[in-house]
Every structure is written in structure tokens, then in C-alpha cells.
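Data first, discussion second: the structure below is written as C-alpha cells.
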Amino acid sequence: MADTVPSGLLEACVVVGVSNENLKELCQLRGTETEIPPVEAEVLQVHAPPFVKRESSCNGLESSHAPAFSRAQKRRSFKKKRERPVSTVSDSTKTNESAVPILEDLSVPQNIDLIAMQQLCFPDGLRITKESREDSYHFLVFTDVFGNQTHGVVAQYSKPVQFCQDNMMNHNGNRSSKLQRLYTTYSICIISKYPYYNALRDCLSCFLLQLKTGRMSEFEEQVKEFSAKLALVPIPPPGQLHVVFNLRPLHIELPSRLDIDRPVVDLNLHLPFLCFKPEQILQIISSILMEQRLVFLSTNWSKLTLMAESFMNFIHPLRWQHPFVPVLSRQMLDFIMAPTAFLMGCHTFHFEDVTEEIEDLVLIDIDRGTVLSSSSDKLELPDVPETAKNCFIFRCKELKLHYDLELCNTSTHTDINDLRAHRRRWQQKLNAVILNVTMELMVNIFSDVREYLNYEHRVFNSEEFLRSREPEDHSFYKKVLDTHIFHSFLRDRLNKRNDAFTRMELKNRSETNRLRSMTESPRRPTVEEIRKFSKPENGLNKRLGMSMPNLTDDRLLTAPVRNLSMKTMLTQSSTWSPSRPIEIFKLPEFPPPLAFQYVQNYYSDLISQLSKAINMATPDDSALLARYHYLRGLVNYVAGKRVDALGDFQSLYKTDVDIFPVKLVNSLVDSLPADERQMAERRTELKRLISRVKKDNELEQARPLDGGSVKRFELPKKHLHLDDFVRRVQESGIVKDLGTIHRLFEAFTVGQQKQVDPEIFCFFYNYWKETEAAAHDVELPAIVLEHLEINECVYKLSSSVKTSHGVGKIAMTQRRLFLLTEGRPGYVEITKFRDIEDVKKYSAPFLLLRIPTLKIKTSLRKESFEANLKSECDLWHLMIKEMWAGRNMADDHKDPQFMEQALINALLMDAVVGSLQTQKAIYAASKLAYFDKMKSEGPIMVPKTTSETLKHKINPSLDLTSPQAVDVLCYTPGQLGVSDLDGGGNPKLWCAMSDGKVLVFDAASWTMQHSSVQVGTSRLNCMLSVNSQQLWIGSEDSFIYIINPRSTSCNKHLTEHRTAVTGFTLEERADKYSQMVAYSCSADGSVILWDVSMLQVKRQFRVSCDKLKSIQMHDGMLWCCAHDCLVEVRRNGTVHRKVSLPAHLQGSPASFSSFLLYNESEYLWASFADAGEICVWHCKDLIRPIIRIQLQDCASVVCMIRVKDQIWVGGRGRTGPGKTRGKIYVVNVEQCRVEKELVAHADCVQTLCSAEDRYVLSGAAQDDGKIGIWKVE
């Protein structure tokens, strides 16, 4: 528990130097020798929290908490027992003073090795010198066995030592002719959990200034007081808020982390660019990614850590997994003999020793700017891929690395703190640009990895990924793919980590790639890509990267394809620059004496300042408000105000859950005494937070420590039963759909035992991949490319055959068949699949032979197309009939996925025939003719009204093995003036799926815009677009999740409800302080009124009913729909009127399911579950007879919406046993009659929403799982 109690900036402060006794001996030696040999450094002082404790009370008991950001547990000690008295000055009558007082008991923080500390503080040894040395600084990194790092900043400074010829010493005494002066060096090392290298160096600079003007007798107290001050400094959370404190004469700034998933960046990241050329930086990065043994060399110790840490930032999100010791002292050089990968640093003086003893080291000389190998003069390692390399070098040329050039046109700063602040802002902006450049490098190297991951089975198909790379890049990827660093990266991708890499990858995807994500077709090069990489005179000249085409109908979906130049890509790529300006929070002045009461006063002042900042923050700036709550909760915790701290963390949980410190709050809850625990649980919101934190902690402990396994795809070696076969096919990436895989299993097991031979599976897999590779090598002449759409792909080529249009090869794309004529290359279109009228095969006579021939009749030509396909005839006959049937189904149902599925079926037929090579191969392949079989058994006819009204269908479950229910849909309109980098200005469709997953579609093209947003793990019941920055989602887990529509991130939660949140509604008011309020309801009848801007509860009441389902404001009154009644409620929660079930439905299973009210009419419309009708009441006179509207063939109504003067009703139709049909009824409001009856889905219609009254969108239950887009007339 203690390890998670918050620590401040300082973890420990260590003083290293020469002890007084040894100094005396050395001075005696100086009298007899001309030169003093190197001295062994010793740890003289260790200061670590707690520095102050509560004074004992009258009963002798101490407080149970320790302030000053301390850890209250007992630490192990490092004791130095003195064997002799402390040495004295030359005059024994003077006051005894040690050069540096030695503590009897040195309290050592955990995981700090004091023996190593002596060597690292003086890596080149400690000497007594005749002349004073300038102060110097260097930086350290300590890594424990679990990989946790702490960071150190070391300041070395010289102090004079005076001694007499009689060997008696005197410090700062009066000069005499007999006194001799030497200089010894002391090191002060500040150890912190956080890599604040610049800030801690500034702190030590201020402290050394104080030391040089102080007395040696005060040295120990000065160090302790300095350490205690740094321990009081809180660490800012990730985001826009920086913390500043005064350490005279400087203001020290602690920058926050740029992102939650990466460490603090408080060093100058441009230093490597000043020392190395871009090509050499790429060599170093390549060596790190390949996990080589790297040694940094320099004559300046400080450069070693700064360079090594910079490169660790450059490879983010990949993380170095091996020993990391950027500073090696002379005594530690044997570490370089380690057989494993490592990254270490040493003095250039040891260059020859290192190169002579050890081979295959990557030697990086910082001073000379060279990257060499210890085995040869040249580094023999593969370069990063050429495209990534060129982009990186281009970006590096644009970097502005020289601060002096920025000062040319600015006035001179007369205040040192103003000058430093200006320099910091310049450095922070430059760091952000550099991080953007290096992140783009990582994205360019690894962006396509996700295409070869199987998330369900956690498999990475490394062979296919490698095959998709350019041949000249294979040597690089072969080395990288087998490293620990890449394995950890894969684990994060499989865990769907939404880090900076993922966000940049999504933003940098071209329009074509984004459209591609909407299909599940096999990978083939599109015509657009062939044009890009081909020469006009001879077609395709190189193998292309794998791609997935978009098969949507161009009549329905048209989106521009952006051919991004490198310069355009640079301006459009995401950046690390903060979207909001940096805010500074200044800490109060440090308390002068180290006393408990003064420290508590300091905390009180700090809490008061944070409270003032919270009160002054505007509701629109919720991100800044969240960070103030974080800091105040942190300070309240260490000040012993635990309940107040819980209150702050509760506010933080509602405002920005991304920075919510789960471990810290869990530790806080565990530390609550019984009385404070009871006090907290009396506050409902805190009790809720405690319960939530405990639950999250249990889930966290149940997760694998390593984040889950990652497997490489391997071909089977044993016979496969159905379950094993399904898993292997899904892992291979060929197809995910369970129904298709089951049919493939049937094809392979026709007439035999229901198991697939591993050899057959290998043949099948290899044939599929060879076909993919062959498609990449197809050379299409320019004249052919002119006739094809940009997203068309050639999926199948026949052998050269004689046809009715000449000799050539028949080519099949997802849209058409065409003939590649031989001799003079040419293009002859055979037919588009939608134009086919009939496909037959017959035997054409030729001399004494009969040649199998395929005959295709189309609607655009009178004559039929014939091709003597010989042995290929049966296969082409099957494939074309399946594509024809799929095209007809796609056109009839306005669902392009039918065509995609037909294409997959056709290609699987080809692979089955190619892998079986037996007489039964064609019969086996026929098992995959899914759509052709449906057509022959009797096509599913789409009613004319449905076909005319339905515009398009999309499938949000494309990347899943089986469909998921579409539970809620919500449309948000577009926003003018919003850039693509800020979420884009196009309208969006939000789709809530099972288990808390929300998908986002671009409603301008109906294509998936982002990866899913996870909001809890429970079913989602309702959504409401509150404003341009808030989309509210009600969940079955009783939470209200708030998504920012621009960033598509969910970092706010409202937790006041106790049961499932079922409905929302908005009300605009004339109140200038709160013009917009929102109501939410939950199943237990609770209704909460929210201040939208502050996200605070304004009122709460309960409606007495059975399972409250939805709410709606009407004419200043709140109407509530429950299972058994409709209730009209005043704003204060009192019931005004109540509507019960109609008399004819009482006693039946029917219950209210939804209702509608209109301001311009006086009617209340209600629908019912388990009843196929709608009832209409007169609002002013509920006693008047109701109007009943019967819905033909309707078994149950689920949802209703109003669009213009129509009511759209979604529900479940009456069908045969075991079958369900989703139906939509369009009702005329004025005439109260059904105008249209639409057969919408293969399962119940779960949700409806309107897109600006132009379209209605419907979502279906699990058996269908699709979204229908309907025209509104």
C-alpha cells in the first residue's frame, strides 16, 4: 500500500564525498608526497521523506499519517559506525566541525544501491586537487528488477580544505603562512521517480548558490531543508497544466506529461539532431529496434544520459526491454561483457578498451557524431524502410534547432525568469515537433501491423506481414519482428491501446484506406494503386503492398481519393502540440522552518489556491478543471484530509476519467480509518466511488500481468475438427465469418470423416496466398486501367482461351468480367455482374472433340459471350453464378456486403479446387455457393415499397466473427470550421453495439471513421447529443458516459444513478446562468436534472412506476414512459397526470414501449411491446376515446420517432416459427394511418434515429446486426 502513496518531486537526496577521517589522512599524506592518489568516495548523507512528523499528543500517540508526500513505512537502513572520533580543526580549542557531517543512520529508499551511488556520482573517480573545479552536472537512470526506473541529477562542486604543516586542519579559518589549501569535490544527487532533468538541475543550481554563501556547520541542515522543500512539490497530471515553484533566485517549472501513455519530457530533444545527421539518427534508432548492444561514448558525462533518454522518447510507443545504464563508471565497465542486448554509456577514454575486448557492439560517439561497429569501421545493419527514411529526412530539414535565430527579432529580456520562460516555451514547442516527427517515423514503419493481427485469438501473421513489405526491407523487418521490443508493441496493439501511435495512424490514413476499412474482401491491389506504381507503357512493375478494396456501390457512396504528397502529409499529420494553451499554477512559498505546523499551513495555502482556481475555471474548460481537482485531491491526501481527497477524486472521475489515478485512490480507500470510512460512505457519491474503485481493482488484478500473450500464426500439424478448423482459418486472416467457415469445412469434408487433414489445410492456405501474390504481379496495360474504377481489383485470371471475342485471358473483378486480349494488348468488356441474364456451360464440338464451354448472356448485347475454358469451365461456371447471385442480392437489398461475401465465396471455391485437385473438387466447391443456392431455392423478394425507400445498408460488425446487435443510434450534425485534425466537420453517426462498444461513422459517406470507443462493458440503452462537445450515453451499468464528438474520446462519467440509465431529454430555459439543462432517468424511477455546463445535479426525484423506460419534455412538463403507465410530472417531481394501459390491453402481456408528444399538436402517441398497434390520446382530455392504429403483421413495437409529418415505427413482424423479421411502419400523423410498411431487417428493429429529416436510420438485433438508411419523402 505504501508504494502507491503519492510522492513529491524528491525521492531521496544523497551526498557523496570524502569523509572527514579520510580527508585528514590524505592531508597528512600531502605533506610527504607531491601528488595525492585517487580517493574512494563515500556516502555521507541520505535524506528521504518523511522530514517532519506530527508532534506527539498529550497521550504520547502520534498521528497515523505522515505529511510531506512521504511514505510512512519503515525503511531499511545503511549504518556507518564511526571507528574514530570526528576529526577536528588545527586548533583544538576551536569548535569541532566536520567537513561534511556523517549521519549515524542513513535511511535509504527502496531500490537505491548506495554502493553503486558512490561510483555513479564520481564516474571518473574522486581526486583531491590543488585548484578548484567548476561545478558540473550529470544525469543518472536507475532500473530495478521489475523494470521500474528512477532518475538522478548529480551536481559536483569543489570546497577548499585548509591544513597546517602539523597536519591539523582548519575549514574557512584565518589564513597564515603555514596553512596549505587543497580542494575536494562533493556530489549532491537528487533522486526522483520522474525524469525532470532540466528542472532538477535548476534546483541544484539554486542550492549550490546557497551553499557557497553559507557556513559548513549548517551544511547538513541546508541539505535536509532543500530536500524537504522538493518533497513538498506535487507532480502535475498529464495535460495542459504545469506547476511552478520559487527556489530563489529562479522560478522552477515542472511540465506535465504530454500524454497519459508516455513519460515526462523535460530535456532538450533537439540535442541528438545537433550531434548527428538524420541518417545517423536513423541508424541508432534501427539499432535500438533490432535490440543490438549499444554503447554511447562521450567526454561529457551529462551527454550520455540525455542522448540515451532522447532516443527512448524517439522510439515511443515501443519500449526498451533490456538493461539501460547510460552512465558506467570505471568500475562498471565489465557490464559491457553482458551477452544480452543492452544500452550503456561510458567515457570516450575507454573507447579502445571496449573495441578491443568485445565484438558486435554499436559504438555511438556523441562528440564526433559517428556510429560505428566494434567489429568493423562501418555499421553493417539494415536501414529502416526507404519510404520511412525519406520522410524522416525530409521532416528533419524543416526543424528549427537554433534558439539564437528565434531571438533575432525579439527584445532583450531584462528579467532572468522571463528569459528562461521564453526559452522553455521555445523548447517545448520544438520538443513537440520532434516527437511528432519521430512518432510519424514509427507509424510509417509499423502502421500496417494491425492488418495482420487476429484480435479474437491474439495471433500475428508475421509471414504475411513480411511478404507484404518491399523485398529490400525484408532484412530490417526479419530482425525487428523477433525482438522483445516488438513483441511488447504487438501486445499493446492486440489490447487495442488507444495511444498516440493509434491516433496518428488513424489520422494519417488516406481516404482510400478509410473506405477500405468498410469491407472484408481479400487483399488485392486496386486500380488506383496499380496506376500509382506502374509505368504507362508496360503496366505494373513491382509488387504492391496488400490492400483491401471498397466494394460499395459508387452510385451510393462516392468519396474523393486524396493522393497525398509528402509535403501535404506533413501538414495533415497529427501533432503533439497541445490543442489548448499551457496553464501555469504557481505553488505558495515554501515554509521557512521544518516544523509540522508550518508544513500544514503550506498545505492549507496550497489547497486554498487550488480551490480558488477551481472556482474561477469556466465550465467549458473541463480539462483544466479536472487537473485542478487532481492536484487538490493529491494535496488533501498527503495533508491527511482523506475524505476531502476522495471528494476531489470523485469530481475528477466525473470530469476526466483518463487521468483518474486508480491505484492512488485504491490506496487512499485502504488507508481510511473506520471513522473516516463511515463518514465517506454516508456521502452517496463517495460510497459509489469506493465501490467502483474496488471493483476496478479486482478486474485489474484478474488481468494477466504481461498484458496477454501474443502468438505467431502456424500451420496445423494434426487433423482439425470443426472448432480447431474455425480457429485456424480465423487466425490465418482469410475469413472471419463463422457461417462461411462452416461451409468451407463442409467442402473439405465431403464424403469423409468430419475432420480436415493438416496437409490439405496447408495446401489450401498456400494456394490462397499464392493467388494473392499472383494478383500483385498482374500487369494491366494502361488502356485497361482506363476502363476500370479506381477501387476495382483483379481477383481471378483464366488461362489463355479462345472466346467469341478473340483469344485472351478472362479477368474477374468485384464488378465485372473482361477479356485481356493477346497479341496487341487490349480490353474487351464481357459484362458487369448486374447485367447478366443467364450463365450456362455446354460442350462445344471441335473436330472429333467436345470442349467444355461457358456461355454468358447479358442484357446489353444480343449475342452471348462464349469461352472455351476446357478444364476451368466448371469452376468459372460456379464462380460467375455466385457473383451474379450476390450482385442481385446486393442490388435488391441495397447491401454491398452481399457482393463482398459472394466474392469471398468465389475465391474460396477457387482455393478449394486448387488445393484438392481431385474429381470431387468441383462438388466440394459447390458447397460454398451460398447465394446461388438461395437463388435456386427461391430468391428473397424485396417488396417494391421497401426497395424504393431503402437507400443503403452498412454492417458495423465487419471485423467480428458474428453479427452484434445495434442497440442505439444517434446522429450528430456537421460543424463548420472544424479541421480534420480536430475530429472533422462532417456529420457523424454513433452506433452503440454490445458490451459498451460505440462505433463512429462519417454520415457524409456512411463509412467508418474511427475505431470503436469503449464505454464500460455493459449494454448501452440511450444516447443524446447535448451540444457540440458532449454526447451522453446511458448504460445498463447505471453510468452516464460522456463522449467528446470532436475527439471521439470518452473521459467523463456521471455516476449518480443507481440502476440502468434508460432515457434522456433536454430543456432550454430563459435562465442566463443555465440556459440548457438535461434530464436523465433510470429503471428504478429516478429522474435527475443536470446542469449541462457544470455537470452537476440540480434536482433529483423519483417517479412511482414499474421500470421507467424513457422521458420527454413537453410544454414545461416532464412525461415519463414506464412499463405499466405514462406519467406527466411537474418540474419538482409531483405527479400531474397518469395514463394507464388501454382497457383492451390490460391483463395481456403488453406494456408501454415508447411514446411521442408534439408541441404543435395535442396528441400523445404510445406504442406497446407484445402488441401490434399504436394508441393516440388527446392530451387536454385524456378521458376522450383513444385512436387505435393497427400495424399489419406486427408482433411488437420497440421504438418510434417523428420525422416531418410522419411517425416511423420500428418493431418485430409476425413470421413463421423460429423466424423474426424487422419491420418499419411509416404513419401519417394527420390521417393516423399507415402509409408504408417496410421489410427492414432479418431481425427485430431495435432503434431508429433521424438524420436531419432527410434519412431515417434503423438498427437491427443480433441475428441481422445491420444499419439501414432510408429516404424520407
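Okay, so the sequence shown: first residue is 653 according to my numbering, each after it adds one.
Heads up, the beta-carbon is just placed ideally off N, CA and C, and yes, glycines get one too.
Quick caveat, the model's predicted, so the values are computed rather than measured.
In angstroms, rounded to a whole number, what distance separates the CA positions of residue i and residue j?
i: aspartate 1029; j: glutamate 1116; result: 35 Å
i: valine 1085; j: arginine 900; result: 32 Å
i: valine 1350; j: proline 1356; result: Here the sequence assigns glutamate to residue 1350, which means valine is not the residue at that position. Looking at the two C-alpha atoms, the distance is approximately 12 Å.
i: aspartate 1916; j: tyrosine 1447; result: 28 Å
i: leucine 1760; j: asparagine 1443; result: 49 Å
i: serine 646; j: proline 1313; result: Because the chain here runs from 653 to 1925, residue 646 falls outside it and cannot be looked at.
i: alanine 1247; j: valine 695; result: 26 Å
i: cysteine 998; j: histidine 1373; result: 58 Å
i: cysteine 1757; j: lysine 1339; result: 26 Å
i: tryptophan 1922; j: leucine 1367; result: 45 Å
i: leucine 1900; j: leucine 1909; result: 6 Å
i: glycine 1863; j: tryptophan 1817; result: 15 Å
i: glutamate 1780; j: glycine 660; result: 55 Å
i: arginine 1294; j: valine 1317; result: 10 Å
i: glycine 866; j: valine 1744; result: 57 Å
i: alanine 1795; j: cysteine 1851; result: 22 Å
How is residue i classed by DSSP in three states: helix, strand or coil?
i: serine 1738; result: strand
i: isoleucine 1919; result: strand
i: valine 979; result: coil
i: leucine 1834; result: coil
i: threonine 1336; result: helix
i: tyrosine 1929; result: What is shown of the chain runs 653 to 1925, which leaves residue 1929 out entirely.
i: glycine 1715; result: strand
i: proline 924; result: helix
i: aspartate 1300; result: helix
i: isoleucine 1859; result: strand
i: asparagine 1147; result: coil
i: leucine 1390; result: helix
i: phenylalanine 1242; result: coil
i: tyrosine 1815; result: strand
i: histidine 717; result: Reliability of the predicted coordinates at histidine 717 is poor, the pLDDT of 45 falling under 50, and the value obtained from them is presented with this limitation in mind. Correct three-state label for histidine 717: coil.
i: proline 1123; result: helix
i: leucine 1770; result: strand
Skipping 5 residues on each side, what residues in its chain have a beta carbon closer than 6 Å to that of residue i?
i: valine 806; result: Cys773, His790, Ser839, Cys841
i: glutamine 944; result: Val1014
i: leucine 921; result: Ser962, Asn1083, Ile1086
i: leucine 1133; result: Ser1114
i: alanine 1644; result: Asp1619, Val1620, Val1650, Leu1672
i: aspartate 1584; result: Lys1533, Glu1534, Ala1537
i: phenylalanine 1880; result: Note on residue identity: the sequence assigns asparagine, not phenylalanine, to residue 1880. Correct list, in chain order: Glu1887.
i: proline 1639; result: Pro1625, Gly1626, Ala1655
i: valine 1309; result: Asn1703, His1705
Between which residues of its own chain and residue i is the CB-CB distance below 7 Å, once the five residues before and five after are set aside?
i: leucine 919; result: Tyr849, Asn850, Leu958, Glu961, Ser962
i: alanine 1519; result: Val1453, Thr1455, Ile1462, Thr1505, Leu1506
i: glutamate 783; result: Tyr835
i: glycine 1360; result: Arg1110, Arg1143, Leu1146, Asn1147
i: tyrosine 1055; result: Arg1075, Trp1078
Which residues in the same chain as residue i place their Cβ atom closer than 8 Å to its Cβ, once the five residues preceding and following it in sequence are excluded?
i: tryptophan 1931; result: Residue 1931 is absent from the model: the chain starts at 653 and stops at 1925.
Query raised in the report: Between the segment 1056-1063 and the segment 1118-1131, do three or more beta carbon pairs fall short of 8 Å?
Result: no
Query raised in the report: Is it a yes or a no for the segment 1094-1106 touching the segment 1410-1425, going by three-plus beta-carbon pairs under 8 Å?
Result: no
Query - contact_flag[the segment 1595-1614, the segment 1384-1397] where n(CB pairs < 8 Å) is 3 or more - result: yes
Query raised in the report: Any contact of the segment 1049-1056 with the segment 868-885, i.e. 3+ C-beta pairs under 8 Å?
Result: no
Requested in this report: Decide if the segment 1272-1284 is in contact with the segment 883-891; the criterion is three or more beta carbon pairs, one per stretch, under 8 Å apart.
Outcome: yes
Report task. Would you check if the segment 665-673 and the segment 697-704 touch, i.e. whether three or more CB-CB distances between them fall below 8 Å? Result -> yes
Requested in this report: Please determine if the segment 1577-1597 and the segment 1549-1565 are in contact, where contact requires at least 3 C-beta pairs separated by less than 8 Å.
Outcome: yes
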